[in-house]
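Numbering (our numbering), first residue to last: 750 to 1215.
Structure (structure tokens):
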């Protein structure tokens, strides 16, 4: 039986990063992965392929609608098969990269389903061949999450698809109905809308993107509506009837009321994700779960069973790849005797539509709920020189700062390249910066990031270009 210091079950962003960091720190490490390729949901059927399609579809739409105004005259035609191949090429490059990194760091890889048969023992069962037992001092569960389903509605990945099926549709649906107005549904809805679909989004709540700052969410919905996406807020899906010709979706008001039926070609179910812990043997071991099926851990990612730890989507917190990565690094450092730590107050979130939406820290609603006195600074991209010449003026930057200390409490951006710009805010918050610090930092001109500086200046009502 092989002996390891750490065995990681799952090689998504949290798992493979945990394994690499542990190996860097001198631990003997093994990973167990049931899929043929590494990278988990994120690299295979999530973050990476969706961003490839977002990028490609954005280029297609810009070529068809924006190039002529800049003096570039083209008439694009869609080759969906090639676009999907472009996506697959990007996925392969990333998953091959993870395999290379594991090999480079001398990490032993076992393909198969991992079950914790006892504390300090992992049994790997491959699709073919005999099971193998690994002896290990510590076990890290990093098995991620799976698509949440609506009871009574079967996802067949043809007519009724999850985010996975929405990445491989062979044809552009004439009408796409998206169930759920969260990050994933809006991103994939945007992809197919750009490629020619009529997109309807049905959301149980009376707003889109729950968790985002309310003012940002309202502006976001207005922009998406202007782009052609239709919203049915405050409604739930009661039934889906599939046929060879399409699907009929029965929806009804969330609070009760008269039902209506919508016809479409494809239904995308995107109501969130749930922890994936199937087959790990947690019940037999007595590993504690909470009421949402998440593994309960302490501040050092330890479960109630000695030697068993968990990170990423299977524990509490936002289901984000970068959150899982930071937890993987922290756990590896803790196991190596160092002081691993994650600042959960500074984890950015991004919606990769166009324009992008990005946020870090507290929203206005959260600050009000917590009774924290704060100041607000805002700056529109309409007043930013670079955004004007690029014709990307939708959106704004919003900075929230403590009224007494001026410390930055939250930053929210809706606009071009928001996903990259939020990193500046995250660094500032990690360093405990004030709005004044951000306002007095010299920003290159002409750049979109000047809007961040101006929003910070507006906290004290001294923005220059508004």
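For glycine and all other residues, C-beta sits at the position ideal for the given N, C-alpha and C.
### Query
Does DSSP classify residue 1024 as helix, strand or coil?
strand
### Query
From 776, 1009 and 803, pick the residue whose C-alpha is nearest to that of residue 951; which is it?
Of 776, 1009 and 803, the residue nearest in Cα terms is 1009.
### Query
With a cut-off of 8 angstroms, do at least 3 Cβ pairs link the region 1000-1020 to the region 866-878?
Using a C-beta cut-off of 8 angstroms, the region 1000-1020 makes no contact with the region 866-878, since fewer than three inter-stretch Cβ pairs fall below that distance.
### Query
Would residue 1106 be called buried (16 or more neighbouring beta carbons within 10 Å of its own) or exposed?
buried
### Message
Closest to residue 1184 by C-alpha separation, out of 1193, 1146, 794 and 915, would be which residue?
### Response
From the listed residues 1193, 1146, 794 and 915, the smallest Cα separation to residue 1184 is found for 1146.
### Query
Taking the C-alpha atoms as reference points, what is the distance between residue 911 and residue 794?
10 angstroms
### Message
For residue 937 and residue 956, what's the separation of their Cα atoms in angstroms?
### Response
If I take the Cα positions, the gap works out to 18 angstroms.
### Beta-carbon proximity check, residue 762 vs residue 1179, cutoff 9 angstroms
At least 9 angstroms separates the beta-carbon of residue 762 from that of residue 1179.
### Message
Based on DSSP bridge pairs, tell me the residues matched to residue 1123.
### Response
BP columns for residue 1123 point to 1151.
### Task
Flag this pair as yes or no: are the beta carbons of residue 1044 and residue 904 separated by less than 9 angstroms?
no
### Query
How many angstroms separate the CA atom of residue 1046 from the CA atom of residue 928?
32 angstroms
### Task
Please report how far the alpha carbon of residue 1182 lies from the alpha carbon of residue 1175, in whole angstroms.
10 angstroms
### Nearest-angstrom Cβ-Cβ length linking residue 702 and residue 1062, presumed shorter than 8 angstroms
Given a span of 750 to 1215 for the chain in the structure shown, any question on residue 702 remains unanswerable.
### Task
Could you give the DSSP three-state label for residue 872: helix, strand or coil?
strand
### Message
Quick check on residue 1037: buried or exposed, where buried means 16 or more other Cβ atoms within 10 Å of its Cβ?
### Response
exposed
### Message
Can you tell me which residues form a DSSP beta bridge with residue 1060?
### Response
According to DSSP, which records beta bridges pairwise, residue 1060 is partnered with nothing at all.
### Message
In whole angstroms, give me the CA-to-CA distance for residue 1126 and residue 961.
### Response
Put simply, the backbone Cα of residue 1126 is about 17 angstroms away from that of residue 961.
### Query
Which residue comes first and which comes last in the beta strand (DSSP E) that contains residue 913?
First-last for residue 913: undefined, no H or E at that position.
### Query
What span of residues does the beta strand (DSSP E) with residue 948 cover, start to end?
947-952
#### Entry: residue 796 in three-state terms, based on DSSP
DSSP places residue 796 in the helix class (H, G or I) of the three-state scheme.
#### Entry: Of the listed residues 1098, 897, 899 and 1080, nearest to residue 1090 (C-alpha basis)
1080
### Best match in 1025, 1129 and 919 for proximity to residue 790 [C-alpha to C-alpha]
1025
### Query
Can you give the beta carbon distance from residue 1103 to residue 946, rounded, assuming they're within the 8 angstroms contact cut?
So it is not a contact: roughly 16 angstroms between Cβ atoms.
### Message
Taking 9 angstroms as the threshold (C-beta atoms), are residue 803 and residue 921 in contact?
### Response
no
### Query
Would you call the CB atoms of residue 926 and residue 942 closer than 9 angstroms?
For residue 926 and residue 942, no; Cβs fall outside 9 angstroms.
### Task
Could you name the residues of the same chain whose beta carbon sits closer than 8 angstroms to that of residue 733, not counting the 5 residues immediately before and after it, in chain order?
As shown, the chain starts at 750 and ends at 1215. That puts residue 733 outside it, with no answer to give.
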